[in-house]
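Novice: Can you keep this structure in mind? I'll have questions shortly.
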Amino acid sequence: IRSINRAKKLEKLNILISDTFDLAEKQAFESEKRWNKNLAIGRLDGRTFTVKDNISTESIRTTCGSKMLENYTPSFNATVVDRLLKSGSLLVGKTNLDEFGMGSVSSSYFGTVKNPYNVLIDDFDEDANDFYISGGSSGGSAASVSSGIVDFSIGSDTGGSVRNPASICGCIGFKPTYGMISRFGLIPLNNYLDTIGIMSRKIDVLVDVFNTIAGPDPNDATSLKCEFKPIKLADSFNTNEIKIGIPKEFFPNGLSEESLKAWKHSVGIFEKFGNAKIVSVSIPNIIYSMSVYSVLTSCEVASNFARYDGIRYGYHSELNLDTNPSGYNFETVVRKNRDESLGQVVRSRIVSGNYFLLKDNYEKYFLKSHKIKQLIVNDFLKVFNDDQCDLLVTPSCFNETFKYSHFLKQSQVFDEKDFFTSCANVAGLPAITLPCILSQNSLPIGIQLISKWKRDDLILNIANWFI
Ligand code: GLN
Numbered sequence: 219i220r221s222i223n224r225a226k227k228l229e230k231l232n233i234l235i236s237d238t239f240d241l242a243e244k245q246a247f248e249s250e251k252r253w254n255k256n257l258a259i260g261r262l263d264g265r266t267f268t269v270k271d272n273i274s275t276e277s278i279r280t281t282c283g284s285k286m287l288e289n290y291t292p293s294f295n296a297t298v299v300d301r302l303l304k305s306g307s308l309l310v311g312k313t314n315l316d317e318f319g320m321g322s323v324s325s326s327y328f329g330t331v332k333n334p335y336n337v338l339i340d341d342f343d344e345d346a347n348d349f350y351i352s353g354g355s356s357g358g359s360a361a362s363v364s365s366g367i368v369d370f371s372i373g374s375d376t377g378g379s380v381r382n383p384a385s386i387c388g389c390i391g392f393k394p395t396y397g398m399i400s401r402f403g404l405i406p407l408n409n410y411l412d413t414i415g416i417m418s419r420k421i422d423v424l425v426d427v428f429n430t431i432a433g434p435d436p437n438d439a440t441s442l443k444c445e446f447k448p449i450k451l452a453d454s455f456n457t458n459e460i461k462i463g464i465p466k467e468f469f470p471n472g473l474s475e476e477s478l479k480a481w482k483h484s485v486g487i488f489e490k491f492g493n494a495k496i497v498s499v500s501i502p503n504i505i506y507s508m509s510v511y512s513v514l515t516s517c518e519v520a521s522n523f524a525r526y527d528g529i530r531y532g533y534h535s536e537l538n539l540d541t542n543p544s545g546y547n548f549e550t551v552v553r554k555n556r557d558e559s560l561g562q563v564v565r566s567r568i569v570s571g572n573y574f575l576l577k578d579n580y581e582k583y584f585l586k587s588h589k590i591k592q593l594i595v596n597d598f599l600k601v602f603n604d605d606q607c608d609l610l611v612t613p614s615c616f617n618e619t620f621k622y623s624h625f626l627k628q629s630q631v632f633d634e635k636d637f638f639t640s641c642a643n644v645a646g647l648p649a650i651t652l653p654c655i656l657s658q659n660s661l662p663i664g665i666q667l668i669s670k671w672k673r674d675d676l677i678l679n680i681a682n683w684f685i
């Protein structure tokens with residue numbers, strides 16, 4: 219199938235950690251038979267997709283981009299994977315990511331994902347080690363969609379990991395309301411912020427995928443219990459009545475001229491072509507959202523990662539009784555397993571999380587962050603529930619993609635790249651990034667829409683109108 223040929227051709231982009239070409243070919247054959255007999259399961263029957271490698275797939279290795287899980291093969295499917303396979307979609311592979319979803323570049327034990335736009339650059343050298351990055355942490359997913367390998371991809375978004383790479387790879391990235399899509403089988407980063415997200419180049423495909431995977435799941439206690447009504451895209455959506463909020467606080471230092479241009483351009487389209495009303499709004503506590511994100515995520519990581527001890531599963535270190543004749547105690551074994559297999563960012567977050575959770579620090583950092591989280595939620599409630607606006611339009615990233623060498627020069631435990639996106643996770647709101655303009659270097663720049671809690675239908679309809 220075309221998808222497999224393209225994946226093979228673009229192998230050097232480091233998009234897939236594991237391919238499932240044999241499975242996809244078998245599934246494609248079955249799907250074709252169904253279509254020929256007029257028995258197709260639905261619109262997704264025969265569509266190709268990839269899944270980020272922190273989402274469990276039965277009998278297919280799921281590494282989280284880590285040496286720790288290099289040989290880990292789950293015995294069950296995540297709910298999303300299950301629902302997609304039942305819809306007749308064809309799984310082509312598992313995509314590369316930052317280790318356990320921590321980062322914004324998609325650089326892992328399995329290499330770094332290269333942005334598909336590299337291929338469009340005349341003198342691009344496939345083997346060069348300086349290249350444009352794809353963003354992250356779902357960078358492999360975004361690259362697999364933008365390069366046309368697959369019709370859609372499933373990623374995870376804790377602070378912007380679907381929207382950030384989608385934006386700089388030039389495709390659509392959607393993070394629904396927290397709890398709309400089951401997290402069962404998603405290997406957690408921060409359970410309170412993690413959301414499954416969808417990427418595609420076409421909004422109608424993205425909506426078909428959302429309609430297939432959303433809705434309650436008895437296996438996930440945090441999935442919303444209310445019945446899910448499939449979303450229908452309106453043939454002609456009326457933007458006259460829509461009020462668009464421009465948050466005052468979204469002009470931080472470092473916002474590039476070109477991202478600002480994309481932002482103005484999109485607001486202009488809503489105003490001039492859609493007759494939407496544009497209002498200025500304020501979300502004052504948003505300036506704390508990255509700090510809240512960093513503290514809470516480190517704390518969750520500190521507790522979630524206790525399971526990776528390499529005893530029952532995961533990486534086992536070679537124990538050498540010749541050099542250590544008195545043997546090893548439990549603690550030394552676990553430390554060796556973790557030291558040798560978890561990367562620097564992961565280990566730093568475990569350490570800082572444990573620090574924030576110390577008895578003396580708990581109130582000062584952990585509880586305080588939870589309180590500020592609530593203030594951010596309240597800010598959004600005020601803007602949306604007082605009917606100041608229906609939708610926020612914001613930049614999605616500070617700038618276009620950048621070179622890998624530039625990333626290597628930065629401090630890497632947490633960065634500010636998720637400034638525009640993490641607030642939607644902190645408040646549990648639906649948000650989407652859409653391709654908007656090309657920069658002077660012919661690289662994609664996106665914009666972001668954020669809307670009211672559970673108004674995923676609204677945001678997708680508006681996105682459809684905009685695109
Ligand atoms: N860049 C953020 C982090 O490093 C976002 C990750 C995510 O959304 N998974 O944690």
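Residues in the sequence shown are numbered consecutively from 219, following UniProt numbering. Note that the Cβ used here is the ideal one computed from N, Cα and C, for glycine as well.
When you measure from the CB of glutamate 560 to every non-hydrogen atom of the ligand GLN, does any distance come out below 8 Å?
Specialist: Residue numbering aside, residue 560 sits at position 342 when the sequence shown is read from its first letter. The sequence shown places leucine at residue 560, rather than the glutamate named in the question. Because no heavy atom of the ligand GLN lies under 8 Å away, the Cβ of leucine 560 does not count as near it: no.
Novice: Helix, strand or coil: which one does DSSP assign to threonine 440?
Specialist: As a working note, residue 440 is residue 222 in the sequence shown. Of the three classes helix, strand and coil, the one that applies to threonine 440 here is coil, per DSSP.
Novice: So what does leucine 656 bridge to, in DSSP terms?
Specialist: To locate residue 656, count along the sequence shown from 1; it is residue 438. DSSP, once it has assigned bridges, lists Pro662 as partnering leucine 656.
Novice: What separation, rounded to the nearest whole angstrom, lies between the Cα atoms of threonine 275 and serine 500?
Specialist: What you label residue 275 is simply residue 57 of the sequence shown in a count that begins at 1. What you label residue 500 is simply residue 282 of the sequence shown in a count that begins at 1. Near 42 Å, if we compare the C-alpha coordinates of serine 500 and threonine 275.
Novice: Mark cysteine 654 as exposed unless 16 or more other C-beta atoms lie within 10 angstroms of its C-beta, in which case mark it buried.
Specialist: Translated into the one-based positions of the sequence shown, residue 654 becomes position 436. Buried, since its Cβ has 16 or more Cβ neighbours within 10 Å.
Novice: As a quick exercise: from Gly664, Leu676 and Asn659, pick the residue whose alpha carbon is nearest that of aspartate 340.
Specialist: By one-based count along the sequence shown, residue 340 stands at place 122. Per the Cα distances, Asn659.
Novice: Ends of the beta strand (DSSP E) at glycine 357?
Specialist: Residue numbering aside, residue 357 sits at position 139 when the sequence shown is read from its first letter. First-last for glycine 357: 357-364, but that is the alpha helix (DSSP H), not the beta strand (DSSP E).
Novice: Decide if glycine 545 is buried, meaning its Cβ has at least 16 other Cβ atoms within 10 Å, or exposed.
Specialist: Position 327 of the sequence shown, counted from the first residue, corresponds to residue 545. Classification of glycine 545: exposed, given that the 10 Å Cβ count is below 16.
Novice: Cβ of alanine 645 within 9 Å of Cβ of isoleucine 594?
Specialist: On the sequence shown, residue 645 is found 427 positions in, with the first residue counted as 1. On the sequence shown, residue 594 is found 376 positions in, with the first residue counted as 1. In this structure, isoleucine 594 lies closer than 9 Å to alanine 645 by Cβ.
Novice: Between serine 587 and the rest of its own chain, which residues show a CB-CB distance below 7 Å, the 5 nearest in sequence each way excluded?
Specialist: Here residue 587 is taken as the residue at index 369 of the sequence shown, counted from 1. Result list for serine 587: Val510, Val513 and Leu514, in chain order.
Novice: Go ahead and label lysine 270 buried or exposed: buried means 16 or more other beta carbons lie within 10 angstroms of its beta carbon, across all protein chains shown.
Specialist: The sequence position of residue 270 within the sequence shown is 52, counting from 1. With 16 or more other Cβ atoms within 10 Å, it is buried.
Novice: With the cut-off set at 9 Å, would you say residue 686 and phenylalanine 620 are in Cβ contact?
Specialist: Only positions 219 to 685 of the chain appear in this structure, which leaves residue 686 out of reach.
Novice: Looking at serine 521 and the ligand GLN, is the gap between the Cβ and the nearest heavy atom below 8 Å?
Specialist: The residue labelled residue 521 in the question sits at position 303 within the sequence shown. No.
Novice: Can you give the Cα-Cα distance for threonine 376 and isoleucine 405, rounded to whole angstroms?
Specialist: Locating residue 376 in the sequence shown gives position 158, counting from the first residue. Locating residue 405 in the sequence shown gives position 187, counting from the first residue. Roughly 12 Å between the two C-alpha positions.
Novice: Under 8 Å by Cβ, that's how I've got serine 640 and serine 507 pegged, so tell me the actual separation to the nearest angstrom.
Specialist: In the sequence shown, counting from the first residue as 1, residue 640 sits at position 422. In the sequence shown, counting from the first residue as 1, residue 507 sits at position 289. Their Cβ separation, rounded to whole angstroms, is 5 Å, which keeps serine 640 and serine 507 in contact under 8 Å.
Novice: Within the present structure, is the beta-carbon of lysine 635 separated from the nearest heavy atom of the ligand GLN by less than 8 Å?
Specialist: The residue given as residue 635 occupies position 417 in the sequence shown. Yes - the ligand GLN has a heavy atom lying nearer than 8 Å to the Cβ of lysine 635.
Novice: Tell me whether the region 452-470 and the region 484-496 touch, counting them as touching only if at least three CB pairs, one residue from each stretch, are closer than 8 Å.
Specialist: With a cut-off of 8 Å, the region 484-496 and the region 452-470 count as touching, because enough Cβ pairs lie within range.
Novice: Looking at the structure shown, is leucine 241 part of a helix, part of a strand, or coil, going by DSSP?
Specialist: Reading the sequence shown from its first residue, position 23 is the one you call residue 241. In the structure shown, leucine 241 sits in a helix (DSSP, three-state: H, G or I).
Novice: Where do the N-terminal and C-terminal ends of the alpha helix (DSSP H) with serine 623 fall, by residue?
Specialist: Position 405 of the sequence shown holds residue 623. Taken as a continuous stretch (DSSP letters only), the alpha helix (DSSP H) holding serine 623 covers 622-626.
Novice: Apart from the five residues just before and just after residue 689, which ones in its own chain have a Cβ nearer than 8 Å to its Cβ?
Specialist: What is shown of the chain runs 219 to 685, which leaves residue 689 out entirely.
Novice: Would you decide whether valine 497 is buried or exposed? Buried here means 16 or more other CB atoms lie within 10 Å of its CB.
Specialist: Numbered from its first residue, the sequence shown carries residue 497 at position 279. It is exposed - the Cβ of valine 497 has fewer than 16 other Cβ atoms within 10 Å.
Novice: What is the DSSP secondary structure of alanine 225, reduced to helix, strand or coil?
Specialist: Here residue 225 refers to the residue found at position 7 when the sequence shown is read from its first residue. It is helical.
Novice: Under a Cβ-count criterion, where at least 16 other Cβ atoms within 10 Å of its own Cβ denotes burial, should cysteine 444 be classed as buried or exposed?
Specialist: For the purposes of this step, residue 444 is taken as residue 226 along the sequence shown, with counting starting at 1. With fewer than 16 Cβ atoms within 10 Å of its Cβ, cysteine 444 is classed as exposed.
Novice: CB isoleucine 462 to CB leucine 610, shorter than 9 Å?
Specialist: Numbered from its first residue, the sequence shown carries residue 462 at position 244. Numbered from its first residue, the sequence shown carries residue 610 at position 392. Yes, these two residues count as a Cβ contact at 9 Å.
Novice: To the nearest angstrom, how far is it from the Cα of threonine 430 to the Cα of proline 334?
Specialist: Translated into the one-based positions of the sequence shown, residue 430 becomes position 212. Translated into the one-based positions of the sequence shown, residue 334 becomes position 116. Approximately 28 Å between the Cα atoms of the pair.
Novice: Report whether the distance from the Cβ of aspartate 557 to the nearest heavy atom of the ligand GLN is below 8 Å.
Specialist: For the purposes of this step, residue 557 is taken as the residue at position 339 of the sequence shown. Result no, Cβ not under 8 Å from the ligand GLN.
Novice: Do the CB positions of methionine 320 and leucine 424 come within less than 9 Å of each other?
Specialist: Within the sequence shown, numbered from 1, the residue matching residue 320 stands at position 102. Within the sequence shown, numbered from 1, the residue matching residue 424 stands at position 206. No, these two residues do not count as a Cβ contact at 9 Å.
Novice: Any heavy atom of the ligand MN closer than 8 Å to the beta-carbon of phenylalanine 574?
Specialist: No copy of the ligand MN occurs in the structure displayed; its ligands are the ligand GLN alone.
Novice: Mark arginine 401 as exposed unless 16 or more other C-beta atoms lie within 10 angstroms of its C-beta, in which case mark it buried.
Specialist: Taking the sequence shown and counting its residues from 1, the one referred to as residue 401 is at position 183. It counts as buried.
Novice: Say yes only if the C-beta of phenylalanine 392 is nearer than 8 Å to one or more non-hydrogen atoms of the ligand GLN, and no if none qualify.
Specialist: The sequence position of residue 392 within the sequence shown is 174, counting from 1. No, the beta carbon of phenylalanine 392 sits no closer than 8 Å to any heavy atom of the ligand GLN.
Novice: If you reduce the DSSP assignment to three classes, tell me which class phenylalanine 267 lands in.
Specialist: Along the sequence shown, read from residue 1 onward, the residue named residue 267 stands at position 49. Three-state DSSP puts phenylalanine 267 in a strand.
Novice: Taking the beta strand (DSSP E) that lysine 461 belongs to, which residues open and close that run?
Specialist: Stepping through the sequence shown from its first residue, residue 461 is reached at position 243. That run of the beta strand (DSSP E) goes 461-465.
Novice: Is glutamate 317 closer than 9 Å to serine 284 when the C-beta atoms are compared?
Specialist: As a working mapping, residue 284 is identified with position 66 in the sequence shown. As a working mapping, residue 317 is identified with position 99 in the sequence shown. Yes. Within cutoff.
Novice: If you draw a straight line from the C-alpha of serine 295 to the C-alpha of glycine 403, how long is it?
Specialist: Residue numbering aside, residue 295 sits at position 77 when the sequence shown is read from its first letter. Residue numbering aside, residue 403 sits at position 185 when the sequence shown is read from its first letter. Inspection of the sequence shows that residue 295 is occupied by asparagine rather than by serine. Each residue's alpha carbon lies about 7 Å from the other.
Novice: From asparagine 555 to serine 566, what does the alpha carbon distance come to, in whole angstroms?
Specialist: The count along the sequence shown starts at 1 and reaches residue 555 at position 337. The count along the sequence shown starts at 1 and reaches residue 566 at position 348. Taking the straight line from one Cα to the other gives about 16 Å.
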